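K.L.:
Each residue of the sequence shown is one higher than the one before, counting from 265 in the numbering used here.
For each residue, glycine too, the CB sits at the ideal point set by N, CA and C.
The structure displayed is predicted, hence computed values, not measured ones.
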Amino acid sequence: MTKLKLGPITDDKPVKITVELPASLHRDLIEYGRLLAEGGAPVEPAKLIVPMLDRFIATDRGFAKARRPRTAGEPAS
């Protein structure tokens with residue numbers, strides 16, 4: 265079994281946006297969806313983008329630090 269950073273895909277009420285992806289990234293998303301399926305039906309690339317972005321943002325320490333409210337006397341970064 266391949267160990268992937270992304271876990272099960274959950275459904276949520278979406279906000280529709282349109283993006284253009286490079287062909288190489290699209291191919292990578294297709295392959296990732298195939299690996300994530302583990303023998304079942306492949307996961308569509310569009311279903312992977314949101315969880316991947318969620319994971320990216322959740323693990324970005326710089327982003328988390330920038331979002332954290334500063335206390336009085338704490339220098340700006």
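Measure the C-alpha to C-alpha separation of GLY297 and PRO333 and round it to an integer number of angstroms.
P.N.:
Translated into positions along the sequence shown, residue 297 becomes position 33. Translated into positions along the sequence shown, residue 333 becomes position 69. When rounded, the distance between both Cα atoms is 37 Å.
K.L.:
So PRO315 and ILE281 are supposed to be a Cβ contact under 8 Å. How far apart are they, rounded?
P.N.:
In the sequence shown, residue 315 corresponds to position 51, counting from 1. In the sequence shown, residue 281 corresponds to position 17, counting from 1. Not a contact, Cβ separation roughly 15 Å.
K.L.:
Given ILE294, which residues of its chain have a CB within under 8 Å of its CB, disregarding the five upstream and five downstream residues?
P.N.:
Here residue 294 is taken as the residue at index 30 of the sequence shown, counted from 1. Cβ within range, chain order: PRO306, PRO309.
K.L.:
Which whole runs of the alpha helix (DSSP H) in the stretch 276-311 are 4 residues long or more, in chain order?
P.N.:
Fully enclosed alpha helix (DSSP H) runs of 4 or longer: 287-301.
K.L.:
Ends of the alpha helix (DSSP H) at ARG334?
P.N.:
Within the sequence shown, the letter at position 70 stands for residue 334. Unbroken run through ARG334: none, as it is neither H nor E.
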